[in-house]
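Engineer: If you count the sequence shown from 1, you need to add 202 to reach the numbering used here.
Glycine residues also receive a C-beta, built at the ideal position from the N, C-alpha and C atoms.
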Amino acid sequence: MKCLSLPMNFLFVNTVLSLPVYPHDEENEITQGDLYYAQKYIKQFFTLRDGSESLIQSEDSFSTKIKEVQEFYGLQVTGKLDPETMEVMTEPRCGLPDLASYSLYPGRPRWNKAFVTYSVVNYVPQLSYFEIEYAIWRAVNIWQKVIPLNLVRVYNIEADIMISFEPRVHGDNFPFDGRGGTLAHAFSPAGGIGGDIHFDQEENWTLRRNGVNLFQVAAHELGHALGLAHSRYRSAVMYPTYLKRSSNRFSLSVDDIRAIQNLYGTIQMFNQESAQPLMPDKCDPSISFDAVTKAHGDTFLFKNEYLWRKDQYTADVTISSIQDVWLDLPSNIDAACEIPGDSIYFFKGSKFWTYTHNKLNHKSSQSIYLFRLPPYVKQIDAALFIQQTKKILFFVGKMYWSYNTRIKTMDYGYPKWISSRWSGINDKIDAAFQNNGLVYFFSGSRLYEYNYWRKEIMRTLSSNQWLGCQASEL
Ligand code: 01S
Ligand code: ZN
Ligand code: ZN
Numbered sequence: 203m204k205c206l207s208l209p210m211n212f213l214f215v216n217t218v219l220s221l222p223v224y225p226h227d228e229e230n231e232i233t234q235g236d237l238y239y240a241q242k243y244i245k246q247f248f249t250l251r252d253g254s255e256s257l258i259q260s261e262d263s264f265s266t267k268i269k270e271v272q273e274f275y276g277l278q279v280t281g282k283l284d285p286e287t288m289e290v291m292t293e294p295r296c297g298l299p300d301l302a303s304y305s306l307y308p309g310r311p312r313w314n315k316a317f318v319t320y321s322v323v324n325y326v327p328q329l330s331y332f333e334i335e336y337a338i339w340r341a342v343n344i345w346q347k348v349i350p351l352n353l354v355r356v357y358n359i360e361a362d363i364m365i366s367f368e369p370r371v372h373g374d375n376f377p378f379d380g381r382g383g384t385l386a387h388a389f390s391p392a393g394g395i396g397g398d399i400h401f402d403q404e405e406n407w408t409l410r411r412n413g414v415n416l417f418q419v420a421a422h423e424l425g426h427a428l429g430l431a432h433s434r435y436r437s438a439v440m441y442p443t444y445l446k447r448s449s450n451r452f453s454l455s456v457d458d459i460r461a462i463q464n465l466y467g468t469i470q471m472f473n474q475e476s477a478q479p480l481m482p483d484k485c486d487p488s489i490s491f492d493a494v495t496k497a498h499g500d501t502f503l504f505k506n507e508y509l510w511r512k513d514q515y516t517a518d519v520t521i522s523s524i525q526d527v528w529l530d531l532p533s534n535i536d537a538a539c540e541i542p543g544d545s546i547y548f549f550k551g552s553k554f555w556t557y558t559h560n561k562l563n564h565k566s567s568q569s570i571y572l573f574r575l576p577p578y579v580k581q582i583d584a585a586l587f588i589q590q591t592k593k594i595l596f597f598v599g600k601m602y603w604s605y606n607t608r609i610k611t612m613d614y615g616y617p618k619w620i621s622s623r624w625s626g627i628n629d630k631i632d633a634a635f636q637n638n639g640l641v642y643f644f645s646g647s648r649l650y651e652y653n654y655w656r657k658e659i660m661r662t663l664s665s666n667q668w669l670g671c672q673a674s675e676l
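1) Going by DSSP, what residues sit across from residue 323 in a beta bridge?
2) Using the Cβ count rule (16 or more neighbours within 10 Å means buried), how would you classify residue 278?
3) To the nearest angstrom, report how far apart residue 664 and residue 507 are at their CA atoms.
4) How many whole angstroms separate the CB atoms of residue 605 and residue 635, which I take to be in contact at a CB cut-off of 8 Å?
5) Sorry if obvious, but does the Cβ on residue 361 come closer than 8 Å to a heavy atom of ligand 3?
6) Which stretch, first to last residue, makes up the alpha helix (DSSP H) that contains residue 622?
7) Looking only at its own chain, which residues have a Cβ that is under 8 Å from the Cβ of residue 357, when we skip the five neighbours before and after it?
8) So what does DSSP say about residue 269, is it helix, strand or coil?
9) Among all residues, which have a Cβ less than 6 Å from at least one non-hydrogen atom of ligand 2, and in what chain order do they fall?
10) Within 10 Å of its beta-carbon, does residue 565 have 16 or more other beta-carbons around it, so buried, or fewer, so exposed?
11) Residues bridged to residue 612 by DSSP?
12) Does the pairing of the region 394-413 with the region 371-379 give three or more beta-carbon distances under 8 Å?
13) Could you tell me which of 590, 591 and 658 sits nearest to residue 620, measuring between CA atoms?
14) What is the DSSP secondary structure of residue 340, reduced to helix, strand or coil?
15) Considering only residues of the region 326-408, which uninterrupted alpha helix (DSSP H) runs meet the minimum length of 4 residues and lie entirely inside it, listed in chain order?
16) My guess is that residue 594 and residue 539 are in contact by the Cβ rule of under 8 Å, so how many angstroms apart are they, rounded?
17) Taking its Cβ as the centre, do 16 or more other Cβ atoms sit within 10 Å of residue 287, making it buried, or is it exposed?
18) Using the Cα positions of residue 254 and residue 306, report the straight-line distance between them to the nearest angstrom.
19) Is it true that the CB of residue 494 sits closer than 9 Å to the CB of residue 650?
20) When you compare the CB positions of residue 678 and residue 326, do they come within less than 9 Å of one another, or not?
21) Run through DSSP, which three-state label would residue 280 get?
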């Protein structure tokens, strides 16, 4: 079980002081200050950000963490804080963790054998025998297919992973709480109860979206049974809470795959098709975005099947899949805009979707020609709501249209050249939104900060600066 919270800071500082330091070298000596820096760095970038699951508890795991840093940056893996490692840690980088999304248990418990057995001990009347076996088999397979580990179903013998449905009190000091609340728990890899999975007998287990989907929870618990702790990504199977997802779309996220492969390694992919698409790196200096909008105060930046959400209060940036937030939306959207206090619009091709209070309006997509856009417009590059005039501007190539949301008609005299109103904006626009009276235009890897009244560009930034990344040369 993961129930660890230790008075870590004090402990950590003590152990850092007694670390085996890289052999003394006149030129590149590691100072006490370096050690503190490394400690802070690892804490910030290589463990969970809320600090509740800090993995740095002893010299041993500090060295493990150093190894992780070295592995990540492709350095020689020594587990020691050497000058090369110190150097990569002092390089400027994005202010947010990259490995800190998932977490493993302290000491990295895992199965140290190629064949791991599992068995299903009992069943519940909510589902048939076949449905339960099938749900667990599918959950086993989503993990098994990305790591070189074989999970074998065994019958009537003691298995490594014993799976059972349990009543409230069931002999392991973690009694269940009836319907709702805790749905299941699992023990990290070890002998005896280690690896075992218990489902709360009283839940409304189903294989659909209503009730509690057994396949989905089994996939999560198997992650624990294989050695994964929770992830902070909403799209991750190891996200701590149960989210209703459409079952056919439920699969491992890139974060889950990184986590499990960190423990067990990868398997050779012969078929490149089956490789998961890589999660885009938001601090890639050449990144561009599909669409950007404010929604309920936070800023959302869209790219492919992902979105980044920047919190209006903390400026924290989190990535998730688009469908985690707006279930009915497709990937690769073209444009988005919010009419504050009313609804949010999303555009892709000749379709648009609107949400009010995160609920889809009109049951499905609608046609962009409802806005009286001419039929030769096949898609929109960017949509921008202007607070001052209550108009939605549609950017298409080098032209733009202006739609009056109050009287629901397209303004006369459009399309116009973008540069005729927005001097300095000469390129095609990918995305646009308004913030504190300023208008932001995204074009490729550039971000223009535009003063609406003075009609001029205030600053040229890089697209991902909004996400807290360092400025790149422009
Ligand atoms: N089990 O793996 C859990 O994470 C427990 C909480 C532990 C502290 C015991 C649990 O039942 N969490 C709920 C849950 O939905 C909220 N877990 C399964 C899931 O699919 N995320
Ligand atoms: Zn239990
Ligand atoms: Zn869990």
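Structural biologist: With the given structure in hand:
1) Within the DSSP secondary-structure output, residue 323 pairs in no beta bridge.
2) Residue 278 should be labelled exposed.
3) Cα atoms of residue 664 and residue 507: separation of roughly 22 Å, rounded to the nearest angstrom.
4) Rounded to whole angstroms, the Cβ separation of residue 605 and residue 635 is 16 Å, and the two are not in contact under 8 Å.
5) No - ligand 3 has no heavy atom lying nearer than 8 Å to the Cβ of residue 361.
6) Looking at the DSSP string, the run of the alpha helix (DSSP H) that includes residue 622 is 620-623.
7) Counting only Cβ-Cβ distances below 8 Å, and skipping sequence neighbours, we find 321.
8) DSSP, read as helix, strand or coil, puts residue 269 in helix.
9) Those residues that bring their Cβ nearer than 6 Å to a heavy atom of ligand 2 are 368, 372, 374, 376, 387 and 400.
10) The residue is exposed, with fewer than 16 neighbouring Cβ atoms inside 10 Å.
11) Answer by DSSP bridge pairing, in chain order: 605.
12) Contact between the region 394-413 and the region 371-379 is present, with at least three C-beta pairs closer than 8 Å.
13) Cα-wise, what sits closest to residue 620 is 658.
14) DSSP, reduced to helix, strand and coil, places residue 340 within a helical segment of the structure shown.
15) Entirely contained in the region 326-408, the alpha helix (DSSP H) runs reaching 4 residues are, in chain order, 331-346.
16) Residue 594 to residue 539, Cβ: 6 Å. Contact.
17) Burial is judged here by how many other beta carbons sit within 10 angstroms of a residue's own beta carbon; residue 287 has at least 16 and is buried.
18) Bear in mind that the predicted position of residue 254 carries a pLDDT of just 34, short of 50, making it too unreliable to give a figure here.
19) No; because the gap between Cβ atoms is not below 9 Å, this pair is not in contact.
20) One cannot answer for residue 678 here, as it falls past the ends of the chain, which runs 203 to 676.
21) Coil, per DSSP.
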